[in-house]
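Asks: A single structure is presented below for examination.
There are 2 protein chains.
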Amino acid sequence: MAKYKEIAATIRKRISDGTYPAKTALPEQIKLAQEFKTSRMTIQKALEILMFEDLIYSKQGSGTFIKSNAASLSQLDTGINQYIGTTALFKGKSEVRSQVLEKKLRLPTPDESEYLQLDEIEAVYDIIRLRFLDGKPYSIEHSVMPAKILKNLTKEILEKSIYYYLENKLGLKIGSAYRKISADKPNDMDQKYLKCDLTEPVLQVEQTVFLQNGIPFEYSTTRHRYDQGSIITVTKGNGAPA
Amino acid sequence: MAKYKEIAATIRKRISDGTYPAKTALPEQIKLAQEFKTSRMTIQKALEILMFEDLIYSKQGSGTFIKSNAASLSQLDTGINQYIGTTALFKGKSEVRSQVLEKKLRLPTPDESEYLQLDEIEAVYDIIRLRFLDGKPYSIEHSVMPAKILKNLTKEILEKSIYYYLENKLGLKIGSAYRKISADKPNDMDQKYLKCDLTEPVLQVEQTVFLQNGIPFEYSTTRHRYDQGSIITVTKGNGAPA
DNA sequence: CAGTGGTCTAGACCACGTT
DNA sequence: ACGTGGTCTAGACCACTGC
Chain A
18 MAKYKEIAAT
28 IRKRISDGTY
38 PAKTALPEQI
48 KLAQEFKTSR
58 MTIQKALEIL
68 MFEDLIYSKQ
78 GSGTFIKSNA
88 ASLSQLDTGI
98 NQYIGTTALF
108 KGKSEVRSQV
118 LEKKLRLPTP
128 DESEYLQLDE
138 IEAVYDIIRL
148 RFLDGKPYSI
158 EHSVMPAKIL
168 KNLTKEILEK
178 SIYYYLENKL
188 GLKIGSAYRK
198 ISADKPNDMD
208 QKYLKCDLTE
218 PVLQVEQTVF
228 LQNGIPFEYS
238 TTRHRYDQGS
248 IITVTKGNGA
258 PA
Chain B
18 MAKYKEIAAT
28 IRKRISDGTY
38 PAKTALPEQI
48 KLAQEFKTSR
58 MTIQKALEIL
68 MFEDLIYSKQ
78 GSGTFIKSNA
88 ASLSQLDTGI
98 NQYIGTTALF
108 KGKSEVRSQV
118 LEKKLRLPTP
128 DESEYLQLDE
138 IEAVYDIIRL
148 RFLDGKPYSI
158 EHSVMPAKIL
168 KNLTKEILEK
178 SIYYYLENKL
188 GLKIGSAYRK
198 ISADKPNDMD
208 QKYLKCDLTE
218 PVLQVEQTVF
228 LQNGIPFEYS
238 TTRHRYDQGS
248 IITVTKGNGA
258 PA
């Protein structure tokens, strides 16, 4: 592994085990460079990682400090702000199953061709899946995906995880996602499949997901029963003044 | 401005105006270093900014490429994933006003002292505000903040923006935030103040906001009328494999 | 003014992908 | 094998903070 990553890991460990206590200053970059027998640039690359993880922050002219919530943050082993699909989310805790309500190939609507950056002649898969958690329905997901990316999409893949198929079978990497989250009254499908009555709202997540190269690969709308899910987000502070 | 930031700005401009078209490779780092009369390290710091902004990505051994959604992304002048308060969000578009329904000093509940990392003997402000957009109520915000941070909180400040007060008057910087977003049935207050009937749900955002040094400064629950707001998030792809 | 982090250089070698 | 990005060095000077 790269030296600066190893240094970052060492410092991260010292933060989580209390060797470097919260709210105190880290040793100066020069000292760290001496200790790790490296240059200041390399120390800075290591510290940059920890800043990105929100464990420390620097003030020019003053020092580099450990955030007061750093110890608890460093326990989380994965990065900030993940885009975990529903299948991975409940992994190990419960049993998740998908029922494919619809799977057809059609042409995109004008909106969809804009969101997915497609020509009007390029077909899309139109898929509706009902998700079950431990046998109980908890969400309906309506996905539209370009057929040229998801070739040979089978029902079997849809019943498992599309994300797994993309990354492991097609070798494509997921990049960013835009999401719009809102609350809504239950519509006919919600009432039928999610067993919502008129006073039971849904949490709707409308999202466009991009591959690493910036090509959109999915536009979807997911509606959750209000008592069956919430969205957690972590927003990192910007360094730049407004 | 630092040279690497200027270089990043120049390249960003070339991406947005099409000088460097989407899906193509950027000039090699050596070439860029020559053009800008600088070293490769400085070019890399410039490119790092653009990667963080999700405009480009690199593949070792291959090149640095422009994402296909880069041009549209570079139009957004502000950074990714902002934590803008409601006041700033609607700036220039509409008129936002706050009515303070409650403002008292009390001791924290066990949950609150955990979220806010407070001793049970440290007082908190308990504040309930009703927000109006163009004269119509659209959300109720219940905030709990440590009194030791927000000294001398006046009703006047509450009617404007707490965030503005923090950053400009107290010189404190906002850092990260954790949010939990969910949908819910309207409760008594929602029905009374947001004029929700029983079939009109609310979008609830429960959040803990931290200062730059990691100290929590606000735990709040905001309930929006379902037809008056949605949450937009942008999730950046991780570089690391799962 | 002393001490800290921020930027920058002009090289070098390594790791990876492509051919 | 070659060309790309990734890492790393051993310095230098600048910008800011705090005494």
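As they're listed, the protein sequences go chains A and B. Counting in this note's numbering, the first sequence runs without a single skipped number right up to 259 at its last residue. Counting in this note's numbering, the second sequence runs without a single skipped number right up to 259 at its last residue. A virtual CB, placed ideally from N, CA and C, is assigned to each residue, including glycine. Computed from a predicted structure; not experimentally measured.
Taking the CB atoms as reference points, tell me whether B:Val10 and B:Arg148 lie closer together than 8 Å.
Replies: An answer regarding residue 10 of chain B cannot be provided, because it is not within the stretch 18 to 259 covered by chain B.
Asks: Drop a sphere of 10 angstroms on the beta-carbon of A:Leu133, count the other beta-carbons inside from all chains shown, and report buried for 16 or more, exposed for fewer.
Replies: In the first sequence, the residue the question calls residue 133 of chain A occupies position 116. A:Leu133 is buried by the Cβ-count criterion.
Asks: So, does the region 25-35 of chain B touch the region 52-70 of chain B, judging by three or more C-beta pairs under 8 Å?
Replies: Contact holds: three or more Cβ-Cβ distances are below 8 Å.
Asks: Since I believe A:Gln229 is in contact with A:Ser191 (beta carbons under 8 Å), could you give me their beta-carbon distance rounded to a whole number of angstroms?
Replies: Here residue 191 of chain A refers to the residue found at position 174 of the first sequence. Here residue 229 of chain A refers to the residue found at position 212 of the first sequence. Reading off the sequence shown, one finds Ile at residue 191 of chain A, where the question assumed Ser. Indeed, because the Cβ distance is near 7 Å, the residues count as touching under 8 Å.
Asks: Would you kindly check if the distance between the Cβ of A:Ala19 and the Cβ of A:Gly80 is under 8 Å?
Replies: Looking up residue 80 of chain A in the first sequence gives position 63. Looking up residue 19 of chain A in the first sequence gives position 2. Taking 8 Å as the Cβ cut-off, A:Gly80 and A:Ala19 do not qualify as a contacting pair.
Asks: From B:Val222, B:Tyr195, B:Leu189, B:Arg240, pick the residue whose C-alpha is nearest to that of B:Lys209; which is it?
Replies: On the second sequence, residue 209 of chain B is found 192 positions in, with the first residue counted as 1. It is B:Arg240.
Asks: According to the Cβ coordinates, are A:Asp71 and B:Ser247 closer than 8 Å?
Replies: Reading the first sequence from its first residue, position 54 is the one you call residue 71 of chain A. Reading the second sequence from its first residue, position 230 is the one you call residue 247 of chain B. In this structure, B:Ser247 does not lie closer than 8 Å to A:Asp71 by Cβ.
Asks: Just to confirm, is the Cβ distance from A:Ser237 to A:Ser160 under 8 Å?
Replies: In the first sequence, counting from the first residue as 1, residue 237 of chain A sits at position 220. In the first sequence, counting from the first residue as 1, residue 160 of chain A sits at position 143. Taking 8 Å as the Cβ cut-off, A:Ser237 and A:Ser160 qualify as a contacting pair.
Asks: For A:Leu4, count neighbouring Cβ atoms within 10 angstroms of its own Cβ and tell me buried if that reaches 16, exposed if not.
Replies: Chain A is shown from 18 up to 259; residue 4 of chain A falls before or after that span and cannot be answered.
Asks: Going by beta-carbon coordinates alone, are B:Pro203 and B:Leu215 separated by less than 8 Å?
Replies: Mapped onto the second sequence, residue 203 of chain B falls at position 186. Mapped onto the second sequence, residue 215 of chain B falls at position 198. Contact: yes.
Asks: Would you mind stating whether A:Tyr195 and B:Val251 have Cβ atoms separated by less than 8 Å?
Replies: Translated into positions along the first sequence, residue 195 of chain A becomes position 178. Translated into positions along the second sequence, residue 251 of chain B becomes position 234. Their beta carbons are under 8 Å apart, which means A:Tyr195 touches B:Val251 by this criterion.
Asks: Is the shortest distance between the beta-carbon of B:Pro218 and the beta-carbons of chain A less than 8 Å?
Replies: Against the second sequence, residue 218 of chain B aligns to sequence position 201. Yes, its Cβ sits closer than 8 Å to a Cβ of chain A.
Asks: In whole angstroms, what is the alpha-carbon distance linking B:Lys120 and B:Gln245?
Replies: As a working note, residue 120 of chain B is residue 103 in the second sequence. As a working note, residue 245 of chain B is residue 228 in the second sequence. Taking the straight line from one Cα to the other gives about 25 Å.
Asks: Per the DSSP calculation, A:Lys153 is bridged to which residue(s)?
Replies: Taking the first residue of the first sequence as position 1, residue 153 of chain A is located at position 136. In DSSP, A:Lys153 forms a bridge with A:Leu150.
Asks: Across which residues does DSSP place A:Glu158 in a beta bridge pair?
Replies: The residue labelled residue 158 of chain A in the question sits at position 141 within the first sequence. In the DSSP output, where bridge partners are listed per residue, A:Glu158 has A:Arg146, A:Thr239.
Asks: Any idea what DSSP makes of A:Gln229, helix, strand or coil?
Replies: To locate residue 229 of chain A, count along the first sequence from 1; it is residue 212. Residue state, collapsed to three classes: coil.
Asks: Which class does B:Ala26 belong to by DSSP, given the choice of helix, strand or coil?
Replies: Taking the first residue of the second sequence as 1, we reach residue 26 of chain B at position 9. Residue state, collapsed to three classes: helix.
Asks: I need the DSSP call for B:Pro127, collapsed to helix, strand or coil.
Replies: Numbered from its first residue, the second sequence carries residue 127 of chain B at position 110. Helix, per DSSP.
Asks: Within 8 Å (strictly less), CB to CB, does B:Gln61 reach chain A?
Replies: For the purposes of this step, residue 61 of chain B is identified with residue 44 of the second sequence, where counting begins at 1. So, not an interface residue.
Asks: Does B:Lys197 come within less than 8 Å of chain A when only Cβ atoms are used?
Replies: Numbered from its first residue, the second sequence carries residue 197 of chain B at position 180. For B:Lys197, the answer is yes, since a Cβ of chain A falls inside 8 Å of its Cβ.
Asks: Which of the three DSSP states is assigned to A:Thr59 in this structure?
Replies: On the first sequence, residue 59 of chain A is found 42 positions in, with the first residue counted as 1. Three-state DSSP puts A:Thr59 in a helix.
Asks: Do we get a CB-CB distance below 8 Å when we pair B:Asn98 with the residues of chain A?
Replies: As a first step, residue 98 of chain B is located in the second sequence; it is residue number 81 there, counting from the start. Bear in mind that the predicted position of B:Asn98 carries a pLDDT of just 41, short of 50, making it unreliable; the figure below should be weighed with that in mind. Yes, B:Asn98 lies at the interface with chain A (some Cβ there is under 8 Å from its Cβ).
Asks: With a Cβ-Cβ cutoff of 8 Å, do A:Ile83 and A:Tyr142 count as a contact?
Replies: Position 66 of the first sequence, counted from the start, is the residue given in the question as residue 83 of chain A. Position 125 of the first sequence, counted from the start, is the residue given in the question as residue 142 of chain A. No, these two residues do not count as a Cβ contact at 8 Å.
Asks: Determine the extent of the alpha helix (DSSP H) in which B:Lys209 is found, giving its start and end residues.
Replies: On the second sequence, position 192 is the one that residue 209 of chain B refers to. Run containing B:Lys209: 205-210, per the alpha helix (DSSP H) assignment.
Asks: I think A:Asp207 touches A:Ile157, with their Cβ atoms under 8 Å apart; what is that distance to the nearest whole Å?
Replies: Your numbering for residue 207 of chain A matches position 190 in the first sequence. Your numbering for residue 157 of chain A matches position 140 in the first sequence. Rounded, the Cβ-Cβ distance is 7 Å, consistent with contact.
Asks: Can you give me the start and stop residues for the alpha helix (DSSP H) that A:Ala50 sits inside?
Replies: Position 33 of the first sequence, counting from 1, holds the residue named residue 50 of chain A. Note, A:Ala50: alpha helix (DSSP H), 46-52.
Asks: Just checking my contact of B:Pro163 with B:Glu139 at CB under 8 Å: how many whole Å lie between their CB atoms?
Replies: Taking the first residue of the second sequence as position 1, residue 163 of chain B is located at position 146. Taking the first residue of the second sequence as position 1, residue 139 of chain B is located at position 122. That belief holds up - the Cβ atoms of B:Pro163 and B:Glu139 are roughly 6 Å apart, short of 8 Å.
Asks: Is it the case that the Cβ atoms of A:Ile47 and A:Phe53 are separated by a distance below 8 Å?
Replies: As a working note, residue 47 of chain A is residue 30 in the first sequence. As a working note, residue 53 of chain A is residue 36 in the first sequence. The answer is no: Cβ separation not under 8 Å.
Asks: Take the Cβ of B:Glu129 as the centre, count every other Cβ of all protein chains shown within 10 Å, and call the residue buried at 16 or more, exposed below.
Replies: In the second sequence, residue 129 of chain B corresponds to position 112, counting from 1. It is buried - the Cβ of B:Glu129 has at least 16 other Cβ atoms within 10 Å.
Asks: Quick check: is the beta carbon of B:Val251 nearer than 8 Å to any beta carbon in chain A?
Replies: Looking up residue 251 of chain B in the second sequence gives position 234. Output row for B:Val251: interface = yes.
Asks: Can you tell me which of B:Tyr243, B:Tyr21, B:Glu235 puts its alpha carbon nearest to the alpha carbon of B:Ala131?
Replies: The residue labelled residue 131 of chain B in the question sits at position 114 within the second sequence. Inspection of the sequence shows that residue 131 of chain B is occupied by Glu rather than by Ala. Ranking B:Tyr243, B:Tyr21, B:Glu235 by Cα distance to B:Glu131 puts B:Glu235 first.
Asks: Sorted by chain position, which residues of the same chain lie with C-beta nearer than 7 Å to A:Leu167's C-beta, five sequence neighbours on each side aside?
Replies: Within the first sequence, numbered from 1, the residue matching residue 167 of chain A stands at position 150. Within the same chain, A:Leu167 has close Cβ partners Tyr142.
Asks: Applying a beta-carbon distance threshold of less than 7 Å, which residues of chain A neighbour B:Leu215?
Replies: Start at 1 with the first residue of the second sequence, and residue 215 of chain B comes out as number 198. Neighbours of B:Leu215 on chain A, chain order: Thr216.
Asks: Kindly indicate which three-state DSSP category B:Lys84 falls into: helix, strand or coil?
Replies: As a position in the second sequence, residue 84 of chain B is number 67, starting the count at 1. Residue state, collapsed to three classes: coil.
Asks: Please return the same chain residues whose Cβ sits closer than 6 Å to the Cβ of B:Ile97, not counting the five positions on each side in sequence.
Replies: On the second sequence, position 80 is the one that residue 97 of chain B refers to. Any reading at B:Ile97 needs caution, since the residue's pLDDT is 37, under 50, leaving its predicted position unreliable; the model's value is listed next. Val251.
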